[in-house]
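Input: a single structure, listed below in structure tokens.
In our numbering, the protein residues as written are 14 to 320.
Structure, rendered in structure tokens:
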């Protein structure tokens with residue numbers, strides 16, 4: 014076995030940092046849920062992201078304005094799925110479920126992506142992929158039912174877990190539609206454009222539902238620090254770290270970093286939010302991971318042959 018090169022080590026470190034920042038998205042959202050409404054938190058987060066990125070992307074936005082205009086319908090759809098509304102759903106879910114549950118359900122994204130690839134790409138999963146999906150779904154069921162799989166027939170889904178699952182399905186649709194974006198747009202230019210479009214949609218929804226009052230948040234140290242963290246760390250810095258890792262070790266190996274998110278989130282939630290890690294959390298996470306491993310058996314075998 015070859016020793017881990019220094020560049021590979023830095024890539025893994027960067028991906029671990031990205032996972033830590035993404036875990037912080039759940040934790041900060043949970044910590045602020047008593048002070049800030051979900052849509053207001055999503056609005057101010059994205060407002061700050063756009064403000065920070067504007068000086069760095071303005072030239073690219075002007076340069077590619079023709080491509081952006083031509084792809085506006087696709088960009089609008091991606092914006093609604095992947096920015097404001099998606100974040101508002103997650104922050105809303107955290108009013109009714111724990112940060113630990115939310116982070117664990119985040120690991121189910123590959124499952125929904127595989128299932129949705131049938132209607133979107135007409136790609137039917139093979140037997141092993143179907144088996145993997147079933148195992149992973151048992152893991153999701155274990156988490157949301159608190160381990161009471163026998164009583165699932167009469168089980169009522171927690172509102173927070175339901176919203177979290179909707180957000181995960183939305184993100185999966187976003188991933189499936191992502192190849193249709195204008196590839197010419199640099200990463201942060203694409204993020205900024207979809208952020209503007211997504212924030213416009215979120216603003217309209219907030220005005221209809223609550224008027225100007227919907228945008229008001231308490232101005233104090235915790236809200237300022239929380240919104241700043243959400244704008245800088247899980248959005249901008251995590252994107253930079255993730256892109257660095259992908260460039261160094263490839264997307265297949267880099268994609269595994271998503272499973273560090275619930276690990277980091279559960280440990281920090283226990284330490285700072287007083288949440289408890291139960292046996293069904295661990296069992297559900299193991300089942301989700303096992304299902305993903307089974308579903309990706311071809312990729313694993315190929316990697317072994319290359320090694």
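Just so it is clear, CB atoms sit at the ideal spot from N, CA and C, and this is done for glycine as well.
Secondary structure at residue i, three-state DSSP: helix, strand or coil?
i: residue 137; result: coil
i: residue 48; result: coil
i: residue 279; result: helix
i: residue 114; result: helix
i: residue 121; result: coil
i: residue 200; result: helix
i: residue 318; result: Caution applies to residue 318, whose pLDDT of 36 falls short of 50 and renders its modelled position unreliable; the model cannot decide the point.
i: residue 263; result: coil
i: residue 71; result: helix
i: residue 98; result: helix
i: residue 15; result: Below a pLDDT of 50, predicted positions are generally treated as unreliable, and residue 15, at 48, falls in that range; the measurement from the model is reported next regardless. Residue 15: coil per DSSP, three-state reduction.
Rounded to the nearest angstrom, how far is the Cβ of residue i from that of residue j, given a contact under 8 Å?
i: residue 120; j: residue 301; result: 5 Å
i: residue 66; j: residue 211; result: Contact flag wrong, Cβ pair sits at about 14 Å.
i: residue 63; j: residue 208; result: 5 Å
Just how far apart, CA to CA, sit residue i and residue j?
i: residue 125; j: residue 183; result: 9 Å
i: residue 114; j: residue 41; result: 14 Å
i: residue 176; j: residue 240; result: 21 Å
i: residue 261; j: residue 290; result: 34 Å
i: residue 248; j: residue 229; result: 22 Å
i: residue 244; j: residue 59; result: 7 Å
i: residue 224; j: residue 213; result: 14 Å
i: residue 108; j: residue 49; result: 10 Å
i: residue 2; j: residue 144; result: Look at the range of the chain in this structure, 14 to 320, and you will see that residue 2 is not part of it.
i: residue 186; j: residue 90; result: 10 Å
i: residue 79; j: residue 149; result: 43 Å
Beta-carbon within less than 6 Å of residue i's beta-carbon, same chain only, minus the 5 sequence neighbours each way: which residues are those?
i: residue 254; result: 27, 30 and 31
i: residue 38; result: 247
i: residue 227; result: 219
Suppose the cutoff is 7 Å on Cβ atoms and the five residues either side in sequence are ignored; what does the same chain contact list for residue i look like?
i: residue 123; result: 305
i: residue 99; result: 180, 183 and 184
i: residue 215; result: 52, 55, 56, 97, 98 and 101
i: residue 127; result: 138, 142, 146 and 308
i: residue 156; result: 114, 117, 118, 293, 294 and 297
i: residue 272; result: 120 and 302
Below 8 Å CB to CB, which residues in the same chain sit around residue i once its five sequence neighbours on both sides are set aside?
i: residue 200; result: 252 and 256
Out of the options, point me to the one whose CA is closest to residue i's CA.
i: residue 279; options: 25, 35 and 21; result: 35
i: residue 133; options: 173, 286 and 192; result: 192
i: residue 159; options: 24, 171 and 149; result: 171
i: residue 189; options: 246, 61, 295 and 136; result: 136
i: residue 46; options: 296, 286 and 303; result: 286
i: residue 72; options: 283, 296 and 206; result: 206
i: residue 84; options: 194, 144, 231 and 236; result: 194
i: residue 22; options: 258, 277 and 274; result: 258
Got a sec: does the ligand ADP put a non-hydrogen atom nearer than 7 Å to the Cβ of residue i?
i: residue 221; result: This structure does not include the ligand ADP; it has no bound ligands of any sort.
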